[in-house]
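S.K.: The sequence shown begins at 191 in my numbering and counts up by one.
The beta-carbon is built from N, C-alpha and C at its ideal position, and this holds for glycine as well.
A single structure is presented below for examination.
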Amino acid sequence: MTALSDALGKAKAEGRAALIGYLPVGYPTVDGSVDAMRAMVDGGVDVVEVGVPYSDPVMDGPTIQAAAEPAVRAGVGIGDALRAVAAVAEAGAAAVIMSYWNPIEHYGVARFAADLAAAGGSGAITPDLIPDEAGSWLAATDAHGLDRVFLVAPSSTDARIVATAAASRGFVYAAAVMGVTGARANVGDAAATLVGRVRALAPEAVVCVGLGVSNGAQAADIAAFADGVIVGSAFVRRLLDHPDAAGVAAVRSLAAELAAGVRR
């Protein structure tokens with residue numbers, strides 16, 4: 191049992207969805223991003239996704255790219271993400287790393303799993319890694335008691351959903367819309383349809399929804415049918431607008447609004 195599973199179970203016991211917040215480590219600085227992650231926890235986020243900045247993202251939209259690019263240029267990487275994981279765990283929330291596969295493979299899969307567990311992390315979300323090609327990651331997470339979160343999308347076949355849910359531990363990440371990340375005025379109906387498909391095909395799966403949520407009302411809408419609500423770009427936007435203490439305060443305020451949303 192990881193802190194992630196504990197957080198999801200606690201939220202379920204309270205009759206609500208969990209709130210999961212994402213920020214990339216390294217923007218505006220490593221210390222600044224860690225301060226913002228602690229603010230997310232202060233505001234009521236149950237789980238923090240610590241993003242590893244990457245030069246060639248396939249899922250991240252322009253908002254996250256705008257924060258990740260200077261971090262990449264500054265040389266921010268896995269070591270900094272592990273430091274942020276430790277800070278989040280110390281602050282009292284579950285921490286998972288969100289990373290494309292190449293940085294993990296470059297760092298060393300077994301080494302990454304060992305260091306992540308030692309830092310107090312619960313596991314990792316790997317958006318460009320499919321279970322079929324995750325043999326080394328499945329073995330490493332088993333060896334260190336970590337969760338591994340894989341993604342499904344509206345385009346996923348039934349067979350892909352079954353295989354992804356079987357390989358996932360912690361939760362299944364349901365990407366609510368096709369395309370890249372970014373706050374949206376309307377999260378649409380695709381999320382509810384996708385969650386319904388996952389639950390019909392894999393009844394034991396914990397399903398959290400990401401992409402598009404930016405305010406408390408949208409969080410409440412998603413929380414009505416999902417086990418967790420994932421928010422990324424809206425938090426990043428707060429720091430892009432104010433890469434200083436005001437941005438950290440804005441992150442805390444948004445977390446509080448979203449936390450109230452998942453409790454409506």
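1) What beta strand (DSSP E) runs, 3 residues minimum, are completely inside the segment 381 to 449?
2) Could you compute how far the alpha carbon of V438 sits from the alpha carbon of F361?
3) Helix, strand or coil for Y244 per DSSP?
4) What residue range does the alpha helix (DSSP H) around G269 cover?
5) Going by Cα to Cα distance, which pick from A226, A407, G211 is closest to L429?
6) Report the residue ranges of all alpha helix (DSSP H) runs contained in full by the segment 291 to 343; include only those spanning at least 4 residues, in chain order.
7) Within 10 angstroms of its Cβ, does T253 collect 16 or more other Cβ (buried), or is it exposed?
8) Nearest CA to the CA of V397: which residue from P317, A416, S326, A381?
9) What did DSSP end up calling R228 once you bin it into helix, strand or coil?
10) Go ahead and pull the three-state DSSP assignment for E259.
11) Quick one: Cα of T347 to Cα of G267, how far?
12) Rounded to a whole number of angstroms, what is the C-alpha to C-alpha distance between H296 and S289?
13) Taking 7 Å as the threshold (C-beta atoms), are L336 and A357 in contact?
14) Please classify S443 as buried or exposed, where buried requires at least 16 other C-beta atoms within 10 Å of its C-beta.
15) With DSSP as the reference, identify every bridge partner of V352, one or two as the case may be.
16) So, at 8 Å on beta carbons, what are the nonlocal neighbours of G386 in its own chain, with the 5 sequence-adjacent residues on each side left out?
17) Mind checking whether V403 and A409 have CB atoms under 7 Å apart?
18) Going by the CB atoms, is the gap between L401 and V421 shorter than 7 Å?
19) Can you name the residues that DSSP bridges to G211?
20) DSSP three-state label for V220, please.
21) CA-CA distance, H432 and L391?
22) Decide if L384 is buried, meaning its Cβ has at least 16 other Cβ atoms within 10 Å, or exposed.
23) Does DSSP classify A264 as helix, strand or coil?
24) Could you spell out the range, first to last residue, of the alpha helix (DSSP H) harbouring A366?
M.R.: Put simply:
1) 397 to 400, 418 to 421
2) One-based indexing of the sequence shown puts residue 438 at position 248. One-based indexing of the sequence shown puts residue 361 at position 171. Cα to Cα, the separation comes out at about 28 Å.
3) Locating residue 244 in the sequence shown gives position 54, counting from the first residue. Y244: coil per DSSP, three-state reduction.
4) Translated into the one-based positions of the sequence shown, residue 269 becomes position 79. First-last of the alpha helix (DSSP H) with G269: 268 to 281.
5) Position 239 of the sequence shown holds residue 429. Of A226, A407, G211, the residue nearest in Cα terms is A226.
6) 291 to 297, 299 to 308, 325 to 334
7) Within the sequence shown, the letter at position 63 stands for residue 253. Buried, by the Cβ-count rule.
8) What you label residue 397 is simply residue 207 of the sequence shown in a count that begins at 1. Of P317, A416, S326, A381, the residue nearest in Cα terms is A416.
9) The count along the sequence shown starts at 1 and reaches residue 228 at position 38. In the structure shown, R228 sits in a helix (DSSP, three-state: H, G or I).
10) The residue given as residue 259 occupies position 69 in the sequence shown. E259 falls in the helix class under three-state DSSP.
11) Stepping through the sequence shown from its first residue, residue 347 is reached at position 157. Stepping through the sequence shown from its first residue, residue 267 is reached at position 77. Taking the straight line joining both Cα atoms gives about 34 Å.
12) As a first step, residue 296 is located in the sequence shown; it is residue number 106 there, counting from the start. As a first step, residue 289 is located in the sequence shown; it is residue number 99 there, counting from the start. Looking at the two C-alpha atoms, the distance is approximately 12 Å.
13) Walking along the sequence shown from the start, residue 357 turns up at place 167. Walking along the sequence shown from the start, residue 336 turns up at place 146. The answer is no: Cβ separation not under 7 Å.
14) Within the sequence shown, numbered from 1, the residue matching residue 443 stands at position 253. With fewer than 16 other Cβ atoms within 10 Å, it is exposed.
15) Stepping through the sequence shown from its first residue, residue 352 is reached at position 162. In the DSSP output, where bridge partners are listed per residue, V352 has none listed.
16) Your numbering for residue 386 matches position 196 in the sequence shown. Correct list, in chain order: F415.
17) Stepping through the sequence shown from its first residue, residue 403 is reached at position 213. Stepping through the sequence shown from its first residue, residue 409 is reached at position 219. Going by C-beta atoms, V403 is nearer than 7 Å to A409.
18) Taking the sequence shown and counting its residues from 1, the one referred to as residue 421 is at position 231. Taking the sequence shown and counting its residues from 1, the one referred to as residue 401 is at position 211. In this structure, L401 does not lie closer than 7 Å to V421 by Cβ.
19) As a working note, residue 211 is residue 21 in the sequence shown. G211 is bridged to V238, V421.
20) Your numbering for residue 220 matches position 30 in the sequence shown. Correct three-state label for V220: helix.
21) Working through the sequence shown from its first residue, we reach residue 432 at position 242. Working through the sequence shown from its first residue, we reach residue 391 at position 201. Going by the C-alpha atoms only, they are around 43 Å apart.
22) One-based indexing of the sequence shown puts residue 384 at position 194. So L384 ends up on the buried side.
23) Along the sequence shown, read from residue 1 onward, the residue named residue 264 stands at position 74. Looking at A264 - three-state DSSP - the assignment turns out to be coil, as it is neither helix nor strand.
24) The residue you call residue 366 lines up with position 176 of the sequence shown. No alpha helix (DSSP H) holds A366; DSSP gives it neither H nor E.
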